[in-house]
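Take the sequence shown: its position 7, counting from 1, is numbered 33 in my numbering, and each next residue is one higher. Data block below; observations after.
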Amino acid sequence: TGRALNISEGGLLIYFPEQMEIGQHLRLKLFFSLGSELNTIEMLAEVVWMDIHLGKDWGDYRSGVKFIDVSSEDIRKLENFLMHLSK
Numbered sequence: 027t028g029r030a031l032n033i034s035e036g037g038l039l040i041y042f043p044e045q046m047e048i049g050q051h052l053r054l055k056l057f058f059s060l061g062s063e064l065n066t067i068e069m070l071a072e073v074v075w076m077d078i079h080l081g082k083d084w085g086d087y088r089s090g091v092k093f094i095d096v097s098s099e100d101i102r103k104l105e106n107f108l109m110h111l112s113k
């Protein structure tokens, strides 16, 4: 379990309670709300970088992941969410 902080169409920044390895593949399920609707996106992602973050509220390890397998339906959900955020 981790906490996503920053997301784009290609990847995201996640805080994890344990260290992830660069190159490790993760099956992710992201939850976000758009208006009153709760959305879920599932994907396969790869850890591309990792560093230690000492903030107790976020967890100890900060990782950047890139999306490597996302359904076209979930890509549309993500694009709609990002477009809504930019307004």
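Heads up, the beta-carbon is just placed ideally off N, CA and C, and yes, glycines get one too.
- When DSSP reads this structure, Ser59 sits in a beta bridge with Leu64.
- Short of 7 Å from the beta carbon of Met69, and not among the five residues preceding or following it, lie these beta carbons of its own chain, in chain order: Leu54, Phe93, Asp95, Val96, Asp100.
- Each of Ile48, Ile40, Ser62, Glu47 was checked against the Cα of Leu56, and the nearest Cα belongs to Ile40.
- If you draw a straight line from the Cα of Ser34 to the Cα of Met109, it comes to about 10 Å.
- Put simply, the backbone Cα of Ser59 is about 13 Å away from that of Glu105.
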